[in-house]
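What follows is one structure encoded as C-alpha cells, with my remarks underneath.
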Amino acid sequence: MSDDIRGTSRIPLVLDLDTGIDDALALAYALGSPEVELVGVVSSYGNVTMETAARNTCALLELLGRPDIPVYLGLDRPTASAGPFSPPPGVVRIHGENGLGGAVLPCGCRTTRQNGVDFIANAGVMRHRELCYVPTGPLTNLAAALRRSPGLASRLPRVTFMGGALTVPGNVTPCAEANVHNDPEAADAVLHSGLRTCMVGLDVTHQAILTREETAAWRELGAAGRLFAQMADYYIGIYEKNNPCLGGCALHDPLAVAAAIDPTLVRCLSANLCVDLTGPTRGRTVCDPARLRDAEKRCDVALGVDVPRFLGEFRTRVRRALGGR
Ligand code: BDR
Ligand code: CA
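Each residue of the sequence shown is one higher than the one before, starting from 963 at the first, in the numbering used here.
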C-alpha cells in the first residue's frame, strides 16, 4: 500500500476511464471530493481508443492541477476481439474526434507506459479495505486482472461500475448499454467472479441531467471552467438532437463516482446478474436464472437516485475541481 494513503484518513479511489466527456466530468467530481484520494487512473477504450483515453486523462489531470496522479495503460481491445478497438462513427459523433468534444487542452505532453492490469492485480492499495474501484468504461481491465490474480475477487472490497440497464432499454441496442456492449464477456466474468459490485446503469443515469445553466456558470471559473463548459455543451448539443426530452445530457460516469463515494445517493435492488452473450439480446444485463434462488446476492443494482442531492454534490464538487470555491 502506498505511504501516501497509509498516512491519511481519506478513502482511496481508483478510476478506470475510457476518457470521453462524461468520464472527464467524473474525473473532476473525484478531484473535487475532499474525502477521497485519487490514487490512480487506468485507461480503457470505448469512447476513444485506449491510447487516446490515456492521453486525455493525462491532459485533464494537468489542467486540473494534479499531474502527480499516476495514469496506467489498460487493454486496447475487448476480451474476445483479435484487433484493437477503434470507436465507431456514432461514438465519434457523441464525444468528438478527440473524445473531448473538440476542446483542445493546453498541455497533454505527459505520457505513460505503466501497465494497468498489473496495477489492478497487484498494487497494495487495491487491498485497502475502503478502496473504491470505479470503472466507467468496459470492464475489460478488471476482468483481465481477475484472470491474472484469481484471489483479487476476495481482496477487492467493492466495485461500483457505470454500465448496464436492468429496467430500461439500452443505448446501443434495444437491450445493451454502451460499456457492457463493448465487452459483454468481461462484464459477465466480473458479475460471476464473486466480487461485490454496484451497478450504476441507465436506470439511474438517465435521471441525472446536466443543463446549460450550470455549464454557463463554469465559464466564470477560468481556463479549466471554460474548457469543461465547451466539452459539456458539445455533449449537451448531442443530447438535444438525440434525446431532446431529457433537457440536457446524462451524467452517467459522475453518478457512478458519486455513488461509490456515498452509496446512500442511490437505492438498490440486490441481485445476481449475468450478461447475455449470444443472439439479439447480446450485451443485456439481466438477473441470472441459474442464481435466482441463491440467498447471497453479489450485485446492488441502482434503480433509484436522489437527484436533487446528487446534482447539488455535483455542482459543489465539480466547481471546486475547476477552481471555484
Ligand atoms: C457510458 O458509455 C460511454 O459512452 C459513457 O462515457 C458512459 O460511460 C454510457 O452508456
Ligand atoms: Ca465512460
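Heads up, the beta-carbon is just placed ideally off N, CA and C, and yes, glycines get one too. For clarity, every value in this text was computed on a predicted model and none was experimentally measured.
Original post:
Are the region 1036-1051 and the region 1132-1146 touching by the rule of at least three beta carbon pairs closer than 8 Å?
Top reply: Of all C-beta pairs linking the region 1036-1051 to the region 1132-1146, three or more are shorter than 8 Å, placing the two stretches in contact.
**OP:** Decide if the region 1100-1118 is in contact with the region 1155-1173; the criterion is three or more beta carbon pairs, one per stretch, under 8 Å apart.
**Re:** Yes, the region 1100-1118 touches the region 1155-1173.
**OP:** Keeping to the same chain, check which residues put their C-beta closer than 6 Å to that of Ala1191; ignore five residues upstream and five downstream.
**Re:** Residue mapping note: residue 1191 aligns to position 229 of the sequence shown, counting from 1. The answer, listed in chain order, is Thr1177, Trp1180 and Arg1181.
Subject >> Three-state secondary structure assigned by DSSP to Pro1046 >> reply: Against the sequence shown, residue 1046 aligns to sequence position 84. It is coil, neither helix nor strand.
Subject >> Beta bridge counterpart(s) of Tyr1034 as assigned by DSSP >> reply: In the sequence shown, residue 1034 corresponds to position 72, counting from 1. Answer is Val1004.
**OP:** Would you check if the distance between the CB atom of Gly1036 and the CB atom of Ser1005 is smaller than 7 Å?
**Re:** The residue given as residue 1036 occupies position 74 in the sequence shown. The residue given as residue 1005 occupies position 43 in the sequence shown. With respect to Ser1005, Gly1036 sits close: the two C-beta atoms are nearer than 7 Å.
Original post:
So, helix, strand or coil for Gly1187, using DSSP?
Top reply: Here residue 1187 refers to the residue found at position 225 of the sequence shown. Assignment of Gly1187 by DSSP, reduced to helix, strand and coil, places it in the helix class.
Original post:
When you compare only the Cα positions, how much space is there between Ser964 and Gly1086?
Top reply: Here residue 964 refers to the residue found at position 2 of the sequence shown. Here residue 1086 refers to the residue found at position 124 of the sequence shown. Summary for Ser964: the model assigns pLDDT 46, below 50, so the residue's position carries little reliability; its value from the coordinates is reported in the next sentence. Straight through space, the alpha carbons of Gly1086 and Ser964 are spaced by roughly 7 Å.
Subject >> Residue span of the beta strand (DSSP E) that contains Thr1122, given as start and end >> reply: Reading the sequence shown from its first residue, position 160 is the one you call residue 1122. It spans Val1121 to Met1124 - the beta strand (DSSP E) in which Thr1122 sits, taken as one unbroken run.
**OP:** Pick helix, strand or coil for Asp985, following the three-state DSSP scheme.
**Re:** For the purposes of this step, residue 985 is identified with residue 23 of the sequence shown, where counting begins at 1. Helix.
Subject >> Span of the alpha helix (DSSP H) around Ser1116 >> reply: Within the sequence shown, numbered from 1, the residue matching residue 1116 stands at position 154. Note, Ser1116: alpha helix (DSSP H), Leu1114 to Arg1117.
**OP:** Give a yes or no on whether 7 Å exceeds the smallest Cβ distance from Ala1283 to chain B.
**Re:** As a matter of chain content, chain B is missing from the structure shown, which is built from one protein chain.
**OP:** Leaving out five residues on either side along the sequence, give the residues of the same chain with a beta carbon under 7 Å from the beta carbon of Ala1288.
**Re:** Nothing about residue 1288 can be reported from this structure: the residues present for the chain run from 963 to 1287 only.
**OP:** Return the CA-CA distance between Met1124 and Ala1151, expressed in angstroms with no decimal places.
**Re:** Residue 1124 sits at position 162 when you count from the first residue of the sequence shown. Residue 1151 sits at position 189 when you count from the first residue of the sequence shown. Between Met1124 and Ala1151, the C-alpha separation is close to 16 Å.
Original post:
Is Asp965 helix, strand or coil by DSSP?
Top reply: For the purposes of this step, residue 965 is identified with residue 3 of the sequence shown, where counting begins at 1. Here Asp965 scores only 41 on pLDDT, less than 50, and its place in the model should not be relied on; the value that follows carries that caveat. In the three-state reduction of the DSSP assignment, Asp965 falls in the helix class.
**OP:** Along the beta strand (DSSP E) that carries Arg1174, what are the first and last residues, could you check?
**Re:** The residue given as residue 1174 occupies position 212 in the sequence shown. Arg1174: not part of any beta strand (DSSP E); member of the alpha helix (DSSP H) spanning Arg1174 to Trp1180, first to last residue.
Original post:
Tell me, which residues are paired with Leu977 by DSSP?
Top reply: For this step, residue 977 is matched to residue 15 along the sequence shown. Note: Leu977 sits in a beta bridge opposite Val1003 and Val1096.
Original post:
Span of the beta strand (DSSP E) holding Ala1149?
Top reply: Start at 1 with the first residue of the sequence shown, and residue 1149 comes out as number 187. Not the beta strand (DSSP E): Ala1149 falls in the alpha helix (DSSP H), residues Pro1146 to Leu1153.
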